[in-house]
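In what follows, a structure is listed as C-alpha cells, so that the remarks can point back to it.
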Amino acid sequence: MKHFFLASLIAGAMALPAFAADYSIIAPAGPGGGWDQTARSLQTVLQDEKIAGSVQVVNVPGAGGTIGLAQFASQNSGNPNALIVGGYVMVGAILTNQSPVTLKDVTPIARLTGEYEAIVVPASSPIQNMQDLVTALKADPGAVSWAGGSAGGTDHIAVGLIAKAAGVDPTKINYIAYSGGGEALAAILGNQVTAGISGYGEFEAQVKAGTLRLIAISSAERVEGIDAPTIKEGGLDVVVENWRMVAAAPGLSAEQVAAVNADIEKVVNSDAWKGILKTKGWQNTYLAGDAFNAQLDKDIASTASILKDIGLVK
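FYI, in this note's numbering the residues of the sequence shown are 1292 to 1605.
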C-alpha cells in the first residue's frame, strides 16, 4: 500500500505543469527613464504571457548604470533568475567612469530595442528649430545647457557629436547629467535648461500635450509617427541610435543561459511586446547569442573611439 501511495505521488507530480521561473530585474537607473521602462515592459510581458511567475523590478540608479551593474554582478553569480537591463548608455558609462565591473562580468543575453534621440525645448523657448539651437551653440557653447542621461551615455555622445559637427569644441558643451528620465524631464519643463535630449518615448506625452517642442530626431530619415525633422535636415551630419539589452548573471551553465534566452525570445515574439514597441516608438533590434556578443564587442570599440573624439575618454 505504501509503495502504491508513493507511486501515485510521483505520477501526480509528473503530471503537473512545470512552474514558470520567477525573475528579478535590475533597472540600473531611477524611475521614468528608458531602462526603467524597458525593465517594467519585460515584467509586464513575462507575467501577462505566463512566461514567468512573479517578476520584480528593482531600481539601482547611479553612474550610468555602473553601480547597478556592479551590485548585480557581485550578488547574483550563478543565479539564473536574475536579470539586468542596460545598453549603449552603459557601454559609455563603463568607459568614462573607468568602471572595474564591465559587461564581461555578466552574461549578455540579447539586444532588444533601438530608439533615436529626440531634442526638445520648453514650449515657451525662443528656439524654434535645430538651426536656432546650433546658432546659440556656436555663439556661446557654455550658455546652452543640455539635460540628458548619465555622463558618457547616448545623450551625452549625441550632444558631443552635434557640437563637433557644428564646428564647436565638444569639451566646451554644458551637459547636465541626470540619473533618471523623470529628473531630466522636470528640469526641462521647469525651464532650468536650454534643451533636453533623450529617447523620444521619454518626451512623447509632453510633446503631444504641447508643453515641450520637439525640434529634431537623430535618425537618418524621418520616422513614421514622429513629427520632427532629422538633425541632418538641420544641417548637421549626425545619426545616433540608442539600443537596450538584457543580461543575465555571471556563472550560469549553458543550460541556464539557454533557458533565459528561450524566455526572452518568447517575450520578443509576443504580440504584447510588439504592441509595447509600437506604443513607445521603440525599434525592434532583437539580436541574441553569438551574433549579439560579436556586435557588442564592435559597439564597445566604436564607442571608445567616439568618446575619445569628443574628449570624454583619454
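For each residue, glycine too, the CB sits at the ideal point set by N, CA and C. If you're wondering where the values come from, they're calculated on a predicted model, not measured in any experiment.
*What residue range is occupied by the uninterrupted alpha helix (DSSP H) comprising Glu1406?*
It is not in any alpha helix (DSSP H) - Glu1406 instead sits in the beta strand (DSSP E) that spans 1398 to 1413.
*Compute the Euclidean distance between the alpha carbons of Ala1500 and Trp1326, then round it to the nearest angstrom.*
23 angstroms
*Is there contact here, the region 1413 to 1429 with the region 1559 to 1572, by at least three beta-carbon pairs under 8 angstroms?*
no
_Same chain, Cβ closer than 8 angstroms to Ala1384, neighbours up to 5 away in sequence not counted_ = Ala1354, Gly1355, Gly1356, Thr1357, Ser1390, Ser1441, Ala1442, Gly1443, Gly1444
*In whole angstroms, what separates the C-alpha of Ala1339 from that of Glu1546?*
Checking the sequence shown, residue 1339 turns out to be Asp, not Ala. Approximately 25 angstroms between the Cα atoms of the pair.
*Shorter than 8 angstroms from the beta carbon of Ala1477 to some beta carbon of chain D?*
The structure shown contains no chain D; it holds only a single protein chain.
*Test item: CB-CB of Val1349 and Ile1400 under 8 angstroms*: No, they are not a contact pair.
*State the Cα-Cα distance for the pair Ser1436 and Ser1593, rounded to the nearest angstrom.*
Those two C-alpha atoms are separated by around 26 angstroms.
_C-alpha gap between Ala1611 and Val1531, whole angstroms_ = Lying before the first or after the last residue shown, residue 1611 is absent from the chain, which here runs from 1292 to 1605.
*Under a Cβ-count criterion, where at least 16 other Cβ atoms within 10 Å of its own Cβ denotes burial, should Gln1328 be classed as buried or exposed?*
buried
_C-beta contact flag for Ile1591 and Val1397 at 8 angstroms_ = no
*asked:* As a quick exercise: from Gln1366, Gly1451, Ser1544, Val1380, pick the residue whose alpha carbon is nearest that of Leu1603.
replied: Gly1451
*Under a three-way DSSP split, which group does Arg1513 fall into?*
If DSSP states are grouped into helix, strand and coil, Arg1513 belongs with coil.
*State the DSSP-derived secondary structure class of Lys1293, mapped to helix, strand or coil.*
Only weak support is given to the placement of Lys1293: the predicted model assigns it a pLDDT of 48, under 50, and the value that follows is read from those uncertain coordinates. Of the three classes helix, strand and coil, the one that applies to Lys1293 here is helix, per DSSP.
*Report the rounded CA-to-CA distance for Leu1386 versus Lys1605, giving the unit in angstroms.*
If I take the Cα positions, the gap works out to 10 angstroms.
*On a CA-only basis, which of Arg1402, Val1529, Gly1492 is nearest Leu1503? Give me that one, please.*
The shortest C-alpha to C-alpha distance from Leu1503 to any of Arg1402, Val1529, Gly1492 is the one to Gly1492.
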